[in-house]
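In this note's numbering, the protein residues as written are 522 to 771.
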Ligand SMILES: Cc1cc2nc3c(=O)[nH]c(=O)nc-3n(C[C@H](O)[C@H](O)[C@H](O)COP(=O)(O)O)c2cc1C
């Protein structure tokens, strides 16, 4: 086992969903965002913005928007938002880059889909840097993926400009729980050499059986979360919202 501290921090990380009420200091918050900014970024576009949602009224408004869309059957996966003192909304942002093109009088036009993909890569790399930075400061964190389903509503309620796509919330705070570390697939299922070596059925079954207790449990949990009707709705909503931001055409 590698004793390197950074690797140990990465290997011991797990999502935290219950936080103490202690606030995260401004210095720590800014260090976390700085660490996010240090992530590699394609063509130096830095195609992201991070919104610190600190106003309790806006937090409540966002929870209410989620509750108008999320099926009650979906469980209380958003509960993590209730105790997290620090909310950082991760956005794809090409508005700033387009402004810079304009200031420099550059006649550069990027395709909407290219902007979206570039922005998602940049923003996700930065987001994970923030997770690790938070962890290294003794904080815990958890992503909430629902913002991508209500991105149109978030754009409106936060007054975001065109080409900004809020898609992921990072909740951070001091851990008030000590969950166990979740297993991952064995390395030979995800690491390939010079091509693609599909993992055997036996390997997949044995991993999912040992992680979830039984294969039935895995299947029913995914089947429950992805009924066809919900999938159709999610696809349509996402397409409509992203198109309205100018980050997808067709
Ligand atoms: C894009 C994304 C969205 C997520 N959304 C949620 C969420 O809405 N609620 C939640 O409790 N956890 C959420 N998570 C956390 C995952 O459930 C968690 O990372 C996964 O179960 C593995 O557990 P671990 O992070 O403890 O290793 C999300 C993670 C990612 C990467």
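All residues carry an ideal CB built from backbone N, CA and C; glycine is no exception.
Within the same chain, Cβ atoms closer than 7 Å to the Cβ of residue 545 are found at 606, 607, 660, 693, 694, the five residues on either side in sequence being excluded. Annotation for residue 584: 599, 602, 603 place their beta carbon closer than 8 Å to its own, counting only its chain and skipping 5 residues before and after. Annotation: the segment 583-646 contains the following complete segments of the alpha helix (DSSP H) (minimum length 4 residues), in chain order: 601-604, 616-624.
Closer than 8 Å to some heavy atom of ligand 1: that does not describe the Cβ of residue 608. DSSP, read as helix, strand or coil, puts residue 545 in coil. For residue 664, the shortest C-beta to heavy atom distance toward ligand 1 is below 8 Å. Bounds of any beta strand (DSSP E) do not take in residue 740; it lies within the alpha helix (DSSP H) bounded by 736-746.
For residue 749, the enclosing alpha helix (DSSP H) stretches over residues 749-765.
Bounds of the alpha helix (DSSP H) holding residue 729 are 722-733. According to the DSSP assignment, residue 693 belongs to the beta strand (DSSP E) that extends over 685-694. Non-local beta-carbon contacts of residue 658 in its own chain, meaning distances under 8 Å to residues more than five positions away in sequence, involve 549, 552, 553 in chain order. Residue 700 has its CB nearer than 8 Å to a heavy atom of ligand 1. If you look at residue 573, you'll find it in the beta strand (DSSP E) that goes 569-573. Inclusion of residue 703 in the 8 Å shell around ligand 1 follows from its C-beta lying nearer than that to a non-hydrogen atom of the ligand. Here the C-alpha atom of residue 539 lies approximately 32 Å from the C-alpha atom of residue 562. Nearest to residue 734 by C-alpha distance, out of 704, 711, 612, 751, is 704. Shown here for residue 726: same chain residues with a beta carbon closer than 8 Å to its own, the five before and five after excluded, namely 736 in chain order. Using a Cβ-Cβ distance cut-off of 8 Å, the segment 752-769 and the segment 668-679 are in contact, since at least three pairs of beta carbons, one from each stretch, lie closer than that value. Annotation: residue 618 to residue 701 spans about 41 Å, alpha carbon to alpha carbon.
With fewer than 16 other Cβ atoms inside 10 Å of its own Cβ, residue 565 counts as exposed. The three-state reading of DSSP puts residue 662 in strand, counting E and B together. Its Cα nearest to that of residue 754, the residue 591 stands out among 567, 533, 591, 572.
The count of Cβ pairs closer than 8 Å, one atom from the segment 682-690 and one from the segment 707-720, stays below three, leaving the stretches out of contact.
Between the alpha carbons of residue 523 and residue 529 lies a distance of about 7 Å.
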